[in-house]
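These notes are about the structure you will find just below.
Protein chains in written order, with the working numbering: chain L, 1 to 115; chain P, 1001 to 1112.
This is the structure in structure tokens:
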């Protein structure tokens, strides 16, 4: 079955410290991979996506993610976290062969930033 | 572009009442998705449409839930009768391929 696992429910990081949010997926076909961010009371906003090519992808707000096929992972990173990065982050997977199908989301990781 | 518009933003209703959530997708997007977000289960796909046709409704919890998309600019999600366990945030998203999703701001439903 297709699934996305985000092992960390809640992470707290000091402002200025680096961040890594983990994402593992189980998908029978070639995956398209996504990271979204959700601020309180808002919908989801796309941070970055991986379709093919370079396995290190850059996104908005200084985020990047690396696709590792051998580990079925797509971890999100940021070298220096800002207080405004506090939010909920979702990893999602879709099918490269069936782009009209729905994304499957992980349960999310809540990021808190301490001063 | 006004984005995906959902209404109402908040809904409080009594158990047993009918609830209708509405969604206006982005013009030109040919896919529409309904998701439900809860603390316990995260973001669950309820149903999605391609070109106004329901493709997969396997995520609809039970017969109390129904969704329609009568035209390319409007969709509804109806719960009848509502129960307290239906309390959640319901998101509508529209997309053009591949996976160019835009989410609405959600409807927070509370059933008391």
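Even for Gly, the Cβ is constructed at its ideal location relative to N, Cα and C. Quick caveat: nothing in here was measured; it's all calculated off a predicted structure.
Using three-state DSSP, classify residue i as helix, strand or coil.
i                       : result
residue 71 of chain L   : helix
residue 1056 of chain P : strand
residue 60 of chain L   : helix
residue 1025 of chain P : coil
residue 1008 of chain P : coil
residue 95 of chain L   : strand
residue 1084 of chain P : helix
residue 84 of chain L   : helix
residue 17 of chain L   : coil
residue 3 of chain L    : strand
residue 100 of chain L  : coil
residue 22 of chain L   : coil
Look up residue i in the DSSP assignment and give the residues it is bridged to.
i                       : result
residue 1079 of chain P : P:1019, P:1065
residue 1050 of chain P : P:1031, P:1053
residue 10 of chain L   : L:110
residue 27 of chain L   : According to DSSP, residue 27 of chain L bridges with nothing at all.
residue 1100 of chain P : P:1096
residue 1111 of chain P : P:1013
residue 45 of chain L   : L:37
Pick from the options: whose alpha carbon is nearest that of residue i?
i                       : options                        : result
residue 56 of chain L   : L:27, L:44, L:69               : L:69
residue 1043 of chain P : L:12, L:65, L:84, L:107        : L:107
residue 81 of chain L   : L:50, L:65, L:12, L:96         : L:12
residue 1067 of chain P : P:1015, P:1049, P:1026         : P:1049
residue 15 of chain L   : L:79, L:32, L:97               : L:79
residue 75 of chain L   : L:83, L:86, L:58               : L:58
residue 64 of chain L   : L:100, L:18, L:84, L:9         : L:18
residue 1073 of chain P : P:1010, P:1094, P:1081, P:1106 : P:1094
residue 51 of chain L   : L:96, L:112, L:21              : L:96
residue 1012 of chain P : P:1047, P:1086, P:1023         : P:1086
In chain P, what lies closer than 9 Å to residue i by C-beta?
i                      : result
residue 106 of chain L : 1042, 1043
residue 90 of chain L  : 1042, 1043
Could you give the C-beta distance for residue i and residue j, rounded to a whole number, given that I count them as a contact under 8 Å?
i                       : j                       : result
residue 2 of chain L    : residue 27 of chain L   : 5 Å
residue 103 of chain L  : residue 1090 of chain P : Not really, about 16 Å apart at Cβ, beyond 8 Å.
residue 109 of chain L  : residue 6 of chain L    : 5 Å
residue 1111 of chain P : residue 1083 of chain P : 6 Å
Show which residues of chain L have a CB atom less than 7 Å away from the CB atom of residue i.
i                       : result
residue 1065 of chain P : Near residue 1065 of chain P there are no residues of chain L at all, since even the closest Cβ is about 16 Å away, more than 7 Å.
residue 1106 of chain P : 43
residue 1008 of chain P : Near residue 1008 of chain P there are no residues of chain L at all, since even the closest Cβ is about 14 Å away, more than 7 Å.
residue 1031 of chain P : 100
Could you name the residues of chain L that residue i contacts, counting a contact when the two beta carbons are closer than 8 Å?
i                       : result
residue 1099 of chain P : 32, 34, 49, 94, 99, 103
residue 1056 of chain P : 101, 102
residue 1050 of chain P : 100
residue 1074 of chain P : Ordered by position in chain L, no residue passes the 8 Å Cβ test against residue 1074 of chain P, which lies about 18 Å from the chain.
List, in order along the chain, the chain P residues whose C-beta lies closer than 8 Å to that of residue i?
i                     : result
residue 46 of chain L : 1101
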